[in-house]
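Its first residue numbered 1, the sequence shown is counted upward by one per residue in full-length UniProt numbering.
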Amino acid sequence: GAVAFHRPLQQQQISTVRVQLRQRFKPTEEVLTGLSAQTSVRELKHMVALRLHISPRQRLIMRHWGAELDDGWTLRQAKLSDGGVVDLSVTLRTPDECQQLALAA
Numbered sequence: 001g002a003v004a005f006h007r008p009l010q011q012q013q014i015s016t017v018r019v020q021l022r023q024r025f026k027p028t029e030e031v032l033t034g035l036s037a038q039t040s041v042r043e044l045k046h047m048v049a050l051r052l053h054i055s056p057r058q059r060l061i062m063r064h065w066g067a068e069l070d071d072g073w074t075l076r077q078a079k080l081s082d083g084g085v086v087d088l089s090v091t092l093r094t095p096d097e098c099q100q101l102a103l104a105a
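Written out as structure tokens, the structure is:
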């Protein structure tokens with residue numbers, strides 16, 4: 001029979017990720033392009049925050065297949081594939097978190 005050759009996950013290119021923000025009144029889907037497998041989750045969150053005008057006082061939580069993505073991971077480590085979907089939720093940061101951000105700036 002024919003043998004199918006699949007590229008290993010770590011060699012697949014990731015250039016596009018769809019980010020879905022599920023809000024009660026206005027669900028939003030943003031398509032981000034020009035990414036790479038080495039793009040970090042932190043960088044992806046920053047891009048989304050800029051595009052959607054999300055305040056630094058809000059915390060972005062990204063999930064893929066229900067698992068929360070760590071900011072330090074690359075898209076490859078998060079097991080995202082090209083065109084993959086990330087669910088985004090936005091919460092308010094605690095006053096302590098806001099103070100830490102102010103100190104870091």
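All C-beta atoms in this analysis are idealised placements derived from N, C-alpha and C, irrespective of residue type, glycine included.
Residue i classed as buried or exposed, judged by whether at least 16 other C-beta atoms fall within 10 angstroms
i	result
residue 7	Note that residue 7 scores 47 on pLDDT, short of 50, meaning its location in the model is unreliable; the coordinates nonetheless yield the value given after this. The residue in question, residue 7, is exposed, as its Cβ has fewer than 16 Cβ neighbours within 10 Å.
residue 61	exposed
residue 37	buried
residue 50	exposed
residue 39	buried
residue 101	exposed
residue 4	In this prediction, residue 4 scores a pLDDT of 47, lower than 50, which makes its location untrustworthy; the coordinate-derived value is nonetheless stated afterwards. Residue 4 comes out exposed.
residue 79	exposed
residue 26	exposed
residue 44	buried
residue 69	buried
Close-in-space but distant-in-sequence residues of the same chain around residue i (CB under 7 Å, 5 per side omitted)
i	result
residue 10	The predicted model places residue 10 with a pLDDT of 47, which falls under 50 and marks its position as unreliable, so this point remains unresolved.
residue 1	In this prediction, residue 1 scores a pLDDT of 48, lower than 50, which makes its location untrustworthy; the coordinate-derived value is nonetheless stated afterwards. Hits under 7 Å: none found.
Bridge partners - residue i, DSSP secondary structure assignment
i	result
residue 39	Beta-bridge pairing links residue 39 to no other residue.
residue 53	DSSP lists no partner for residue 53.
residue 84	17
residue 62	88
residue 32	17
residue 68	63
residue 74	40
Spatial neighbours of residue i in its chain, beta-carbon cut-off 6 Å, leaving aside the 5 residues before and after
i	result
residue 106	Examination of residue 106 is not possible in this model, given that the chain is present from 1 through 105 alone.
residue 19	30, 48, 86, 88
CB contact below 9 Å: residue i versus chain B
i	result
residue 87	No chain B appears in this structure, which consists of one protein chain only.
Other residues of its chain near residue i: CB distance less than 8 Å, five sequence neighbours each side excluded
i	result
residue 33	15, 16
residue 42	71, 72
residue 35	14, 15, 16, 17, 44, 75
* Below 8 Å, can you find three or more Cβ-Cβ pairs linking the segment 86-104 to the segment 52-60? -> Yes, the segment 86-104 is in contact with the segment 52-60.
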